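Structure first, commentary second.
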Amino acid sequence: MNIAVLAGGYSPERDVSLTSGSLIANALVENGHRVCLADVYMGVELTENIYDMFVNEKVPPYTVDNSVPDLVALKAKRGGEALIGCGIIELCSAADAVFLALHGAMGENGQLQATLDNFGIKYTGSGYAGSLLAMDKDISKKLFRSAGVITPDWMYAPAEKCTLDEVRKNIGFPCVIKPTSCGSSVGVSIVETEEEFESAIDLACAYEGDILIEKKIKGRELTVGILDGEVLPMIEIIPLCGFYDYENKYQSGKTLEVCPAQIGEDIREKLTEQTKLGFEALRLSGYARFDFIVDEQGVPYCLEANTLPGMTPTSLLPQMAKENGLDYNRLCEKIVATAFKK
610 MNIAVLAGGY SPERDVSLTS GSLIANALVE NGHRVCLADV YMGVELTENI
660 YDMFVNEKVP PYTVDNSVPD LVALKAKRGG EALIGCGIIE LCSAADAVFL
710 ALHGAMGENG QLQATLDNFG IKYTGSGYAG SLLAMDKDIS KKLFRSAGVI
760 TPDWMYAPAE KCTLDEVRKN IGFPCVIKPT SCGSSVGVSI VETEEEFESA
810 IDLACAYEGD ILIEKKIKGR ELTVGILDGE VLPMIEIIPL CGFYDYENKY
860 QSGKTLEVCP AQIGEDIREK LTEQTKLGFE ALRLSGYARF DFIVDEQGVP
910 YCLEANTLPG MTPTSLLPQM AKENGLDYNR LCEKIVATAF KK
């Protein structure tokens, strides 16, 4: 097949996405496909015969830096306001399928998915509705509650309305402050005391004006993947220092990831049930990953859903799939197959 792999994008998670995209592209090449890896934001220069852009050649690998990329500099470099670069739609229209290796912003919030739908283009991951519902943490938590998925208490408001008095009254401390629609723990702070409140709001505001403030649940952090209707082996995440932030996610050796998680069958069954309920409530398809905190009483609290989980060397979904007998190349192949089932 001719497969376009879309990565990058105008998102704080673009470096993660480019790393995922390069690995995915190379795996698909090894699987015998003709592939074109493209940065959806920077665009591509089309050849006279567009099908010549799909090649059976590997691309150089990318790596994730310690810090979030400078999007202001990126925008100045490219210029213009469009989130989809020149030639991208033409490239995707020529492909048999598009593998979405994007994370965050337009690549994961339904905007790109709706655009591809309008052109009749097949792509991996959830559709535009599920992508939107999962990306907005306030909406997804409301849907979780209505479907019987347990999630921590929270409040949502524009940053200027997130006052200390409101948080003290409705949520209390410690709490977690985060942008409503970012991933990869970008802009997230664990706020233990009231003195840390303002700096946490400022950090979240650097990425988005709408803030979600969530009650902090003390317990074990577990993540659950689901692929083509099957729940994969679960992973327990144990950061060696601090919490599971951007650096601990993507820098090797920063976090201990135990797969399969050493948990009792009762906890495993609860997590499986909650994951399936959440997947259905958010109208997801193909694959996704759900993040949980299991408290000291064994109650699983769902934090969020990830509709395009990372595919970097340290990412969780490939570890789950490997434990289930799927190596990286076969995982990519199975994800491509889901594009034809929507």
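The numbers in the numbering used here rise by one with no breaks, and the one at position 224 of the sequence shown is 833.
Just so it is clear, CB atoms sit at the ideal spot from N, CA and C, and this is done for glycine as well.
All values reported here derive from a predicted model rather than from experimental measurement.
Is residue i helix, strand or coil by DSSP?
i           : result
residue 832 : strand
residue 868 : coil
residue 637 : helix
residue 660 : helix
residue 819 : strand
residue 676 : coil
residue 710 : coil
residue 927 : helix
residue 859 : Residue placement at residue 859 cannot be trusted, given a pLDDT of 47 that sits under 50; the coordinates are not used to answer.
residue 853 : At residue 853, the pLDDT of 46 sits below 50, so the modelled position is not reliable; the number obtained from the coordinates is stated separately. The answer is coil: DSSP assigns residue 853 none of H, G, I, E or B.
residue 934 : coil
residue 790 : coil
residue 666 : coil
residue 892 : coil
residue 798 : strand
residue 945 : helix
residue 681 : helix
residue 940 : helix
residue 653 : coil
residue 758 : coil
Tell me residue i's beta-bridge partners as DSSP assigns them.
i           : result
residue 608 : Given that the chain is displayed from residue 610 to residue 951, the structure contains no residue 608 and the question cannot be resolved.
residue 648 : 616
residue 766 : 820
residue 844 : 832
residue 611 : 643
residue 839 : 836
residue 671 : None; residue 671 has no bridge partner.
Nearest CA to the CA of residue i: which residue from the options?
i            : options            : result
residue 936  : 671, 781, 613, 633 : 633
residue 908  : 618, 828, 729, 622 : 828
residue 947  : 924, 917, 929      : 917
residue 882  : 834, 742, 797      : 834
residue 912  : 773, 748, 768      : 748
residue 894  : 945, 771, 876      : 945
residue 745  : 681, 673, 620, 819 : 819
residue 627  : 621, 617, 635      : 617
residue 941  : 639, 622, 620      : 639
residue 1027 : 832, 867, 934, 925 : There is no way to answer for residue 1027, as the model of the chain reaches only from 610 to 951.
residue 678  : 777, 914, 645, 621 : 621
residue 843  : 823, 877, 810      : 877
residue 807  : 778, 682, 773      : 773
residue 782  : 702, 809, 629      : 809
May I ask which residues mark the beginning and end of the alpha helix (DSSP H) holding residue i?
i           : result
residue 779 : 773-779
residue 814 : 806-814
residue 697 : 697-703
residue 743 : 737-744
key: contact_flag[the region 651-670, the region 694-705] where n(CB pairs < 8 Å) is 3 or more   = yes
request  = Evaluate the contact criterion for the region 759-767 versus the region 727-738: three or more CB pairs, one atom per stretch, below 8 Å.
outcome  = no
ask   = Using 8 Å as the Cβ pair cut-off and three pairs as the minimum, do the region 705-718 and the region 890-905 touch?
value = no
query = Between the region 926-936 and the region 834-846, are three or more C-beta pairs nearer than 8 Å?
reply = Contact holds between the region 926-936 and the region 834-846, because three or more Cβ pairs, one in each stretch, are under 8 Å apart.
key: Inter-stretch contact at 8 Å, needing at least 3 Cβ pairs: the region 724-733 / the region 741-756   = no
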